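First comes the structure, then the notes that go with it.
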Amino acid sequence: MTSLNGAIVLITGANGGIGSHFVRDALARGAEKVYAAARTPRGWDDERVVPLTLDVTDPESIKAAVEAAPDVTILVNNAGASVSSPGILSHSDEEIRRNVETNFLGPLFLARAFAPILTAKGGNTAIIDIHSALAWYAIAGIYSATKAALWSATNSLRLELQPAGVQVVGVHVGWVDTAMAAHITDPKLDPADLVTQVFDVLEAGGHEVLADNASVQLKAGLSAPLDAVYPQLASKS
């Protein structure tokens, strides 16, 4: 398990609805310092928060973040990109590349960059990756594909980093009540509730967060026949 008490936390996408709750909740749980990372960082009303410029799609920006935050004990890969339409063939080249670079390569490269720092501390360190329930339900095209790839990468990171005492937590959630999901009319999880669940699992030593009913049901359905998961595939009589 990894304690937030006295931790040094780096949170990507810190300006957003989920990211800002990660910042505040980490401090409320006793974090000593929080690096609030974003492409254009904003000011905070707490001297324990250090705004950090970070573009997760830029290798040089990642390198600069590692140099600026060599004391990190917990990395939260929260930054993400969404899509404007369902399906996968309808996405533009730019949209595909943005999702791959932001949702998959960025978190993976950040984990690789900070791994030596985390493993050198000999324990009480962690990486948290924010996936999506849509990693298990391919209706969101390239977004689903990149979140599925991140899920797989998180599983690999967990196995590789476990011997060094680095806890790796994967988070699955459906719709969250943020600006990114403003157009969605389905039920949405309060971002504060999501962050509470994530940090509770982290501090309890867990490996995975299924934050809502959608995540629980979709994971349970992975072993079902494909035409049960996707009824449109069933042959018509």
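The sequence shown maps to residues 287 to 523 in our numbering.
Don't be surprised by glycine CBs; every beta carbon is placed ideally from N, CA and C.
Small disclaimer: the values here were computed from a predicted structure and weren't measured.
query, result
"Can you tell me whether Ile425 is buried or exposed? The criterion is at least 16 other CB atoms within 10 Å of its CB, across all chains shown.", "exposed"
"Using the Cα positions of Ser523 and Asp498, report the straight-line distance between them to the nearest angstrom.", "With a pLDDT of 49 at Ser523, under the threshold of 50, the modelled position of that residue is not reliable, and no figure is offered here."
"Based on the DSSP secondary-structure assignment, which residues constitute the bridge partners of Ile414?", "Val362 and Val455"
"Let me check understanding here. Comparing Cα to Cα, which of His493, Val487, Asp476 and Glu489 lies closest to Leu445?", "His493"
"How many angstroms separate the CA atom of Glu353 from the CA atom of Pro402?", "12 Å"
"Determine the contact status of Val299 and Ala365, defining contact as a CB-CB distance below 8 Å.", "The sequence shown places Gly at residue 299, rather than the Val named in the question. Taking 8 Å as the Cβ cut-off, Gly299 and Ala365 qualify as a contacting pair."
"In its own chain, which residues sit with a C-beta less than 8 Å from the C-beta of Ile428, not counting the 5 before and 5 after it?", "Val369, Ile374, His377, Glu381, Ile382, Asn385 and Val386"
"When the Cα atoms are used, what is the spatial distance from Ala434 to Tyr423?", "9 Å"
"So the alpha helix (DSSP H) Leu296 belongs to, where does it begin and stop?", "Not the alpha helix (DSSP H): Leu296 falls in the beta strand (DSSP E), residues Ile294 to Ile297."
"Going along the chain, which residues of its own chain have a beta-carbon closer than 7 Å to the beta-carbon of Trp437, five neighbours each way excluded?", "His417, Ala421 and Gly456"
"Can you find the residues in the same chain that come closer than 6 Å, C-beta to C-beta, to Asn291, ignoring five residues on each side of it along the sequence?", "Gly316"
"Taking the C-alpha atoms as reference points, what is the distance between Ala490 and Leu480?", "15 Å"
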